[in-house]
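A.B. asks: Using the numbering used here, the letters of the sequence shown correspond one by one to residues 173 to 289.
Before I ask anything, here is the structure I am working with.
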Amino acid sequence: QVQLVESGGGSVQPGGSLRLSCVVSGIIFGLNDMAWYRQAPGKERELVAGISSFGRMTNVADSVKGRFTISRDNAKKTVYLQMNSLKPEDTAVYYCNVGYDAPRHSWGQGTQVIVSS
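And the structure:
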């Protein structure tokens, strides 16, 4: 069974940074693309960034381009989301999932990010 455990969220002021982590078990991590999603209050869940299995390809949403970076460490079975220059509109629960641009498994508990002054 696939398990996705996100962490690293918190409360930051606008302009701040956070790094999210997602530890994955139950799959051969190094053979799977991964992605980060987020869901803001009252909105649908949206794709934030995707990364191919060996990290050679990445894609980020236009709304976070230039501010967010996705990366992975296959030895640690972990995918990361570095978030810089955070804005209030980045406030959301952030989730990871298997797949480059569409989720393939059940969701984990997510990690809450709040950007507020």
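Each residue gets a CB set at the ideal place from its N, CA and C atoms; glycine is no exception.
Quick caveat: nothing in here was measured; it's all calculated off a predicted structure.
For the beta strand (DSSP E) containing W208, list its first residue and its last residue.
C.D. replies: Where W208 is concerned, the enclosing beta strand (DSSP E) stretches over 206-211.
A.B. asks: Look up E216 in the DSSP assignment and say whether it is helix, strand or coil.
C.D. replies: coil
A.B. asks: Between the C-alpha atoms of A221 and Q185, what's the straight-line distance to the nearest angstrom?
C.D. replies: 22 Å
A.B. asks: From Q281 to C268, what does the alpha carbon distance come to, in whole angstroms?
C.D. replies: C-alpha separation (whole angstroms): 10 Å.
A.B. asks: Please classify R170 as buried or exposed, where buried requires at least 16 neighbouring CB atoms within 10 angstroms.
C.D. replies: Here the chain comprises residues numbered 173 to 289, so residue 170 is not present and cannot be evaluated.
A.B. asks: Please classify F201: is it buried, with 16 or more other beta-carbons within 10 angstroms of its beta-carbon, or exposed?
C.D. replies: buried
A.B. asks: Can you check which of these residues, P275, L219, V236, C194, is closest to S246 by C-alpha distance?
C.D. replies: Just to set this straight, residue 246 is Asn in the shown sequence, not Ser. Looking only at P275, L219, V236, C194, the smallest Cα-Cα distance to N246 is reached by C194.
A.B. asks: Taking 6 Å as the limit between beta carbons, can you name the residues of its chain near W279, skipping five residues before and five after?
C.D. replies: Y267
A.B. asks: Around the Cβ of A148, are there at least 16 other Cβ atoms within 10 angstroms (buried) or fewer (exposed)?
C.D. replies: What the structure shows of the chain is the stretch from 173 to 289, and residue 148 is not part of that stretch, so it cannot be assessed.
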